[in-house]
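Below: one structure, written as structure tokens.
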Amino acid sequence: MRKTPRSIEVKPLTREYALHNAERLASIASEIPHAAWTREMIMAEEVTVDSKKVPLLGKWAHSVALQDQDTPIALAIGYEVLGKDGVERAIHLGALACDRAYKGHGLGEQLLGTFLRGALHRGYIALGPEEVAFSLQTGASLANMPVRRLYEKYGFTVDHEVDKGEGVTNVVMVAAGERVARALE
Ligand SMILES: CC(C)(COP(=O)(O)OP(=O)(O)OC[C@H]1O[C@@H](n2cnc3c(N)ncnc32)[C@H](O)[C@@H]1OP(=O)(O)O)[C@@H](O)C(=O)NCCC(=O)NCCS
Numbered sequence: 206m207r208k209t210p211r212s213i214e215v216k217p218l219t220r221e222y223a224l225h226n227a228e229r230l231a232s233i234a235s236e237i238p239h240a241a242w243t244r245e246m247i248m249a250e251e252v253t254v255d256s257k258k259v260p261l262l263g264k265w266a267h268s269v270a271l272q273d274q275d276t277p278i279a280l281a282i283g284y285e286v287l288g289k290d291g292v293e294r295a296i297h298l299g300a301l302a303c304d305r306a307y308k309g310h311g312l313g314e315q316l317l318g319t320f321l322r323g324a325l326h327r328g329y330i331a332l333g334p335e336e337v338a339f340s341l342q343t344g345a346s347l348a349n350m351p352v353r354r355l356y357e358k359y360g361f362t363v364d365h366e367v368d369k370g371e372g373v374t375n376v377v378m379v380a381a382g383e384r385v386a387r388a389l390e
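If you read the sequence shown in this note's numbering, its first letter stands for residue 206, the second for the next number, and so on.
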């Protein structure tokens with residue numbers, strides 16, 4: 206049964222908040238298709254890419270949760286990633302998910318807007334206005350068209366496809382910070 210949101214609050218998803226609510230957040234993130242978001246991934250502060258440890262910069266500053274009466278109901282986890290040149294950074298949205306019982310009430314849109322506005326603001330300070338860029342990955346299948354439209358509303362466009370193996374293809378979507386800023390106006 207769908208729940209009608211009553212008293213939705215935006216909460217910064219800090220390390221302390223994540224530790225305190227890890228099981229609940231992992232349960233919400235388990236809604237993300239083809240991505241095994243576990244408690245460990247929610248808490249992770251670095252990932253291993255090509256056997257190199259890569260820090261998830263700014264993770265506890267950029268990530269946001271929504272909660273209803275003290276219970277987390279949605280999350281957006283983001284962090285800064287190095288660009289191909291190893292210097293330029295982009296703010297990557299790693300996870301966006303809403304509790305199944307709360308879907309379809311506009312919370313995903315509200316949360317994504319809140320995440321982007323905050324990350325843009327901090328990005329401008331950390332990276333400079335010319336450098337802010339956003340990236341994310343989502344499924345390439347038809348089932349993902351609604352969520353892709355949600356990202357397009359905020360200025361994202363498809364950049365390229367990624368073969369994830371086992372018959373799963375993702376698309377990488379990107380948006381320049383200025384484009385996101387215009388979409389948020
Ligand atoms: C993606 C998600 C967070 C959207 O949250 P939501 O609160 O249901 O979305 P909203 O009510 O704010 O809807 C925003 C728009 O997204 C669309 N949408 C996004 N995801 C959708 C989905 N899975 N099913 C149906 N519509 C969806 C809605 O149609 C709506 O568009 P509209 O305003 O043009 O009608 C939520 O559906 C979810 O948790 N899905 C599972 C996890 C997931 O797929 N995450 C994204 C991985 S890249």
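Quick reminder that beta carbons are idealized off the backbone N, C-alpha and C, glycines included.
| Check | Outcome |
| --- | --- |
| Option in R387, S346 and S235 with minimal Cα separation from F361 | R387 |
| Local conformation of A227 per DSSP, three classes | helix |
| Residues proximal to ligand 1 by C-beta, any heavy atom closer than 5 Å | E236, I237, L301, A302, C303, K308, G309, G311, L312, G313, E314, T343, P351, V352 and L355 |
| Opening and closing residue of the beta strand (DSSP E) in which A164 lies | Any question about residue 164 goes unanswered here, given that the chain covers just 206 to 390. |
| Check whether V337 and A381 have beta carbons under 9 Å apart | yes |
| Runs of alpha helix (DSSP H) lying entirely within the segment 225-294, each at least 4 residues, in chain order | 227-234, 244-248 and 264-267 |
| L218 and L301 closer than 9 Å at C-beta | no |
| Distance, S232 Cα to H326 Cα | 29 Å |
| Pairwise C-alpha distance: L287 and A223 | 24 Å |
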